[in-house]
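Just below is one structure, and these are the notes that go with it.
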Amino acid sequence: MTNDPSRRIFLTMIIVHHLNNSRAQRILWLLEELHVPYEVQKYQRMPNYKAPPSLLEIHPLGKSPVIEDSNEGEHIVLAESSAIIMYLLQKYGGKQTLSSAGTLDDLYYTYYAESTLRPLIVVRQRLSRFADRAPWYLRPLFRYVLEAYRVMYVDPELPRNSQMIQEHLSNNPWFARGSDGPTAADYAMIFGLEGLIVERAITPESHPAITRYIDKIHARPAYRAALKKGAE
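Counting with the UniProt record's numbering, you get residues 1 to 232 for the letters of the sequence shown.
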């Protein structure tokens, strides 16, 4: 089998259970890069921003992304975006030779994306929502406590993390050193980096390397195709 994904023929059909404004979008980008056929089953968040109950019929945790992969008589249901990324690359991605440093980068940033970066962004996004859901007479107290938590924990951490990423991307076109294209780390990291932009934690002036990297990803034909099938 050739290592060029665009020249392979896959006897498979993957279903991506895609929740709006979720990590599922980067799975579509990966599948477009791999030229693997897939279908998108779309779900809309409820007013409380949670996933609809219908996702529980696909996976017991009822979250997105989830993929179903039917291939050669085997049917797989897999959740967790990092696990999905690793599974798809191992099964359909061919082999990319990386140096030991590049392999370590790929490993580190793939897991860093979900274990460190994304939780910081999610906490920052949700703190204000928590206060708004408290009884009206407790909201001032909740806002004070949550704001103090944000100032003490989240705000100091985001600049340190952003600077680390900025320095890395200033010296490397992709997260895995020596790579000539996206690896697992890039697919894992893009959603968090977009979150930094949305949260105004970085700007083109303060973090030019991160901004250029995001623009480069957004310009890729596979990423644009994934947006058409998923959502902006």
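Beta carbons: idealized from backbone N, C-alpha and C, even for Gly.
In whole angstroms, what is the alpha-carbon distance linking residue i and residue j?
{"i": "residue 7", "j": "residue 19", "result": "For residue 7, the predicted structure reports a pLDDT of 49, less than 50, and the residue's modelled location is therefore unreliable. The matter cannot be settled from this model."}
{"i": "residue 185", "j": "residue 28", "result": "15 Å"}
{"i": "residue 73", "j": "residue 173", "result": "40 Å"}
{"i": "residue 225", "j": "residue 127", "result": "34 Å"}
{"i": "residue 43", "j": "residue 108", "result": "31 Å"}
{"i": "residue 183", "j": "residue 139", "result": "44 Å"}
{"i": "residue 124", "j": "residue 219", "result": "28 Å"}
{"i": "residue 166", "j": "residue 137", "result": "43 Å"}
{"i": "residue 1", "j": "residue 231", "result": "For residue 1, the predicted structure reports a pLDDT of 33, less than 50, and the residue's modelled location is therefore unreliable. A value from the coordinates is still provided. Approximately 33 Å, taken between the alpha carbons."}
{"i": "residue 91", "j": "residue 133", "result": "44 Å"}
{"i": "residue 3", "j": "residue 24", "result": "Summary for residue 3: the model assigns pLDDT 48, below 50, so the residue's position carries little reliability, and this model does not support an answer."}
{"i": "residue 210", "j": "residue 63", "result": "29 Å"}
{"i": "residue 52", "j": "residue 160", "result": "35 Å"}
{"i": "residue 192", "j": "residue 222", "result": "19 Å"}
{"i": "residue 34", "j": "residue 46", "result": "32 Å"}
{"i": "residue 214", "j": "residue 194", "result": "7 Å"}
{"i": "residue 181", "j": "residue 96", "result": "9 Å"}
{"i": "residue 71", "j": "residue 36", "result": "12 Å"}
Using only alpha-carbon positions, find the residue among the options that is nearest to residue i.
{"i": "residue 205", "options": "188, 185 and 162", "result": "162"}
{"i": "residue 48", "options": "123, 129, 218 and 182", "result": "129"}
{"i": "residue 212", "options": "178, 230, 183 and 171", "result": "171"}
{"i": "residue 196", "options": "120, 150 and 223", "result": "120"}
{"i": "residue 100", "options": "179, 17 and 115", "result": "179"}
{"i": "residue 116", "options": "158, 17 and 80", "result": "158"}
{"i": "residue 188", "options": "46, 69, 198 and 87", "result": "87"}
{"i": "residue 113", "options": "175, 67 and 93", "result": "175"}
Count the other CB atoms, across all protein chains shown, that sit within 10 Å of the CB of residue i; report buried if there are 16 or more and exposed otherwise.
{"i": "residue 207", "result": "buried"}
{"i": "residue 76", "result": "exposed"}
{"i": "residue 50", "result": "exposed"}
{"i": "residue 38", "result": "buried"}
{"i": "residue 200", "result": "exposed"}
{"i": "residue 155", "result": "exposed"}
{"i": "residue 169", "result": "buried"}
{"i": "residue 110", "result": "buried"}
Throw me the rounded Cβ distance for the residue i and residue j pair, which I believe falls under 8 Å.
{"i": "residue 14", "j": "residue 41", "result": "The pair is not a contact, with the Cβ atoms about 11 Å apart (cut-off 8 Å)."}
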